[in-house]
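Novice: I have a structure I would like to understand better, so I am pasting it below and will then ask my questions one at a time.
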Amino acid sequence: MRYPLLAILFPVLLTACSDAATNEQAESTATSNKLVEAPKAVEIKNAEEVTKAAPDKATISSAHEQLKQLIDDQSCENSSQCKVLPVGSRACGGPSSFIVYSTKTADTAEVEKLAKDITALEKQFNAANDMMSICQHLTAPGAQCSENTCVRIEGSAASVY
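Here the sequence shown stands for residues -20 to -1, 1 to 141, numbered as in mature numbering (1 follows the signal peptide of the UniProt record, and there is no 0).
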């Protein structure tokens, strides 16, 4: 009973595989001939579709660069102006890093919002791409004002991997 069933299903499976290979060849040919075909416009129907799409690495890198520019000026007058904030998301959980910034030169609400956005983007990216990471808990470092600059207190936490 098994052999007649296999005899019927085997050609069907082979046909399905060859169709997939043909489709992959057609897609790669279309990709290599970008100048021949004009790009097709993608219509987004509602805002939910935008949030469901997983972000790419370029989007995350751009957000990190924006945060870096926002907190670039680390000048301070006292240590109470130096803050530490978790940023990003490891696939195993917890933040991927901590930033030190000065409340004297950076808008705290804007920095916190951007850090939360980056964390959300990384969580979506990790989930969509089945990412794996080390499962080591990073502890928040300390920060202080040293020579009118906010600095991470050495030895207070592990560095970013």
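Note that the Cβ used here is the ideal one computed from N, Cα and C, for glycine as well.
1) Can you name the start and end residues of the beta strand (DSSP E) that K84 belongs to?
2) Excluding sequence positions up to five away, which residues of its chain have a Cβ less than 8 Å from the Cβ of D53?
3) Since S59 and N128 should fall inside the 8 Å C-beta cutoff, what is the C-beta to C-beta distance between them, to a whole number of angstroms?
4) Do S69 and N106 have their CB atoms nearer than 8 Å?
5) Quick one: give me the first and last residue of the beta strand (DSSP E) that A123 is part of.
6) Let me check one thing: in DSSP terms, what residues is K63 bridge-paired to?
7) Where do the ends of the beta strand (DSSP E) carrying T119 lie?
8) Would DSSP call S55 helix, strand or coil?
Specialist: Concretely, from the data shown:
1) Here residue 84 refers to the residue found at position 104 when the sequence shown is read from its first residue. Here K84 belongs to no beta strand (DSSP E), and DSSP marks it neither H nor E.
2) In the sequence shown, counting from the first residue as 1, residue 53 sits at position 73. Excluding residues within five positions, the ones whose Cβ falls inside 8 Å are S82, T85 and A86.
3) To locate residue 59, count along the sequence shown from 1; it is residue 79. To locate residue 128, count along the sequence shown from 1; it is residue 148. Actually they are not in contact, since the Cβ atoms of S59 and N128 sit about 11 Å apart, beyond 8 Å.
4) Against the sequence shown, residue 69 aligns to sequence position 89. Against the sequence shown, residue 106 aligns to sequence position 126. The answer is yes: Cβ separation under 8 Å.
5) Counted from its first residue, the sequence shown places residue 123 at position 143. Start and end: A123 to S126.
6) The residue given as residue 63 occupies position 83 in the sequence shown. Y81, per the DSSP bridge assignment.
7) What you label residue 119 is simply residue 139 of the sequence shown in a count that begins at 1. Per DSSP, T119 belongs to no beta strand (DSSP E) and is neither H nor E.
8) The sequence position of residue 55 within the sequence shown is 75, counting from 1. The answer is strand: DSSP assigns S55 an E or B state.
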